[in-house]
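Just below is one structure, and these are the notes that go with it.
The following block contains the structure:
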């Protein structure tokens, strides 16, 4: 049974009212420029992707052989081209497009647009009024798939707006790893990606979510992400951006509603060319004995501009603990970094909130030390850069960790 038509109608009315509403932060985008609609055919396996698409997917963390994946979801432009669950995990989780899930489950009304307000801005409105799928992933109670689910949201066309709505539900006592790669098949593509992501971690559940973005000079990106974490639940979010982007603005939030729930954000940003990057993380501590941590590393090169934001908001009357660590390195006298940490205690008399924020150059003594060991200056800077960005992100597969480090190393050399 599909979701209530009355609820969907109300959602659309709210979206219509704000379809021209500018976002609170970030440059405004003329969405009318991106009106192309492109449908793609299904593929039997990931080897069926075009060479360009396959290369882009791999760089965004996708395993085309699916050897160490519990399932896959691939979307190209406005079409779902591939969905698969590893036979070993059938009956333990489900993967489908969100549009299919909305037509299949009436109870999805309890989740659809329940974390992110549909009337937040023109981008949330666009995602509802012109929705082009997105993934729905649900792991059943007490199931803990060994391997991650992978999802690739790929843009192969030009002048399109890819408007996806993603929903992940981790049922009680379950655990799930998800790797999402968002990328372009053509490096000269112009367009916009709008991604609504709503995550629900039930009692005692754990979600390890890694998002790797690989965009290009003329592409705009507007993710809107929120997670609700229940009692004894845990949410881990890793975000990596190592390629240029026209503009990116996102401020994912985790709402720790259950007692003893926790959230951890790791963010790696490399600003290249004239990229405009505005990325933050927000942790709202509502339950007792909740824990939060946010770590961000940003490098601004060329003429890039980076806003690195972080909010810790305590609302519980019980004890809670959270820390924010935001650091940046400036590579160019034409680049800019803004570190904007914010701590808020809203009547939370037992809350302990703290932050560290710093922006500075690469330490010259470190460069000279490496050069004294026979390493060229270029390689020395590359090594230091790689070390700064390598957060040794916990809870991600070893092969993905290797992939991220290889991309960081290659990007660091490219930038020089």
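Residue numbers (the numbering used here): 354 to 769.
For each residue, glycine too, the CB sits at the ideal point set by N, CA and C.
- The beta strand (DSSP E) runs lying completely inside the segment 571-599 and spanning 3 residues or more are 572-582 and 587-594, given in chain order.
- Secondary structure note for residue 604: it is in no beta strand (DSSP E), with a DSSP letter that is neither H nor E.
- Using a Cβ distance threshold of 8 angstroms, residue 632 and residue 664 do not count as a contacting pair.
- Per the coordinates, the alpha-carbon of residue 598 lies some 8 angstroms from the alpha-carbon of residue 630.
- Under the DSSP definition of a beta bridge, residue 483 lacks any partner.
- Straight-line spacing of the CA atoms in residue 360 and residue 583 works out to 25 angstroms.
- Just so you know, the alpha carbons of residue 580 and residue 520 end up roughly 10 angstroms apart.
- In this model, residue 707 and residue 402 are separated by some 46 angstroms (Cα to Cα).
- The C-beta separation of residue 423 from residue 446 comes to about 7 angstroms, placing the pair in contact by the 8 angstroms criterion.
- For residue 647 against residue 636, the beta-carbon gap comes to about 6 angstroms, under 8 angstroms, which counts as contact.
- Nearest Cα to residue 371 within the set 450, 431, 470 and 413: 470.
- In summary, residue 587 is buried, with 16 or more beta-carbon neighbours lying within 10 Å of its beta-carbon over all protein chains present.
- Straight through space, the alpha carbons of residue 594 and residue 655 are spaced by roughly 16 angstroms.
- When the Cα atoms are used, residue 570 and residue 382 turn out to be separated by approximately 15 angstroms.
- Classified as exposed, residue 358 has fewer than 16 neighbouring CB atoms from the shown chains inside 10 Å of its CB.
- Contact between residue 502 and residue 524 does not hold, since the beta-carbon distance rounds to 14 angstroms and is not under 8 angstroms.
- Rounded to the nearest whole angstrom, the CA to CA distance from residue 514 to residue 452 is 17 angstroms.
- For the pair residue 651 and residue 622, the CB atoms are nearer than the 8 angstroms cut-off.
- For residue 738, the secondary structure class from DSSP, reduced to helix, strand or coil, is helix.
- Of all alpha-carbon atoms in 604, 563, 638 and 712, the one lying nearest the alpha-carbon of residue 691 is that of 712.
- Looking from the CA of residue 385, the closest CA among 604, 543 and 465 belongs to 543.
- In the three-state scheme derived from DSSP, where H, G and I count as helix and E and B as strand, residue 401 is classed as helix.
- In summary, residue 430 is buried, with 16 or more beta-carbon neighbours lying within 10 Å of its beta-carbon over all protein chains present.
- With a cutoff of 8 angstroms on beta-carbon distance, residue 409 and residue 601 are scored as not near each other.
- Shown here for residue 676: same chain residues with a beta carbon closer than 6 angstroms to its own, the five before and five after excluded, namely 646 and 707 in chain order.
- Separation of residue 719 and residue 734 (C-alpha to C-alpha, rounded to the nearest whole angstrom) is 9 angstroms.
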